[in-house]
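Visitor:
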Amino acid sequence: DEMALLTETFLLLGRKEAVERSLQRVEPLIRQELVRLAPLLQRETLDIRLTLDEASEVNAPLSLLAIALGNLLKNALSYAEGHIEIELCGPVLTISNPTVAAPDQILGYGCGLTIIQRICEKLGWQIDTRLEAGIFSARLEMRE
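If you count the sequence shown from 1, you need to add 518 to reach the numbering used here.
This is the structure:
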């Protein structure tokens, strides 16, 4: 359940010591999050283009990985116009989509971006976002 996952995430982020990591397959988690977020797709026709490296694995706590992926995907599904491109290549996830949302709206729901940034700080990952010519893109590098 999402609330339990968020609670565990906040507890892990609050710890001073290193978090316990284990090898996680990323592709099934992306698909699982897309199924969970399916109600967001009912607002309009949205073409989702997936290019997923099935062998992609990262060394991370499952809860932190799931929350980071879920927040990025929820953002894309909430603000995309027409289509979303989701590409997973090794430990790098890139999500891009056309949008008409204002820059301050994007990744602004709840604490989405802040949570992703904290997860990246905790795990030594990198998140880069940009809005250029009406295309929003987020690039999550999940390597230590």
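C-beta atoms are modelled at their ideal positions from N, C-alpha and C, and glycine is treated no differently. None of the values given here were measured: they were computed from a predicted structure.
What residue does the alpha helix (DSSP H) around residue 596 start on, and which one ends it?
Guide: Taking the first residue of the sequence shown as position 1, residue 596 is located at position 78. Residues 580 to 597.
Visitor: Considering only the alpha carbon of each residue, which of 612, 585, 554 and 619 lies closest to residue 571?
Guide: In the sequence shown, counting from the first residue as 1, residue 571 sits at position 53. Measuring from the Cα of residue 571, the nearest candidate turns out to be 612.
Visitor: Count the other C-beta atoms from every protein chain shown that fall within 10 angstroms of the C-beta of residue 634, then say buried if there are 16 or more, exposed otherwise.
Guide: Sequence index remark: in the sequence shown, residue 634 carries index 116 (1-based). The residue in question, residue 634, is buried, as its Cβ has 16 or more Cβ neighbours within 10 Å.
Visitor: Leaving aside the five residues before and after residue 607 along the sequence, list all residues of the same chain whose C-beta is less than 6 Å from its C-beta, in chain order.
Guide: Your numbering for residue 607 matches position 89 in the sequence shown. Contacts found: 571.
Visitor: Can you find the residues in the same chain that come closer than 6 Å, C-beta to C-beta, to residue 627, ignoring five residues on each side of it along the sequence?
Guide: Taking the first residue of the sequence shown as 1, we reach residue 627 at position 109. Annotation note: pLDDT 49 at residue 627 (below 50); position unreliable, no value reported.
Visitor: Decide if residue 540 is buried, meaning its Cβ has at least 16 other Cβ atoms within 10 Å, or exposed.
Guide: Counted from its first residue, the sequence shown places residue 540 at position 22. Per the 10 Å Cβ criterion, exposed.
Visitor: So what does DSSP say about residue 564, is it helix, strand or coil?
Guide: Numbered from 1 along the sequence shown, position 46 holds the residue referred to as residue 564. Coil.
Visitor: Bridge partners of residue 656, per DSSP?
Guide: Translated into the one-based positions of the sequence shown, residue 656 becomes position 138. Residue 656 is bridged to 613 and 647.
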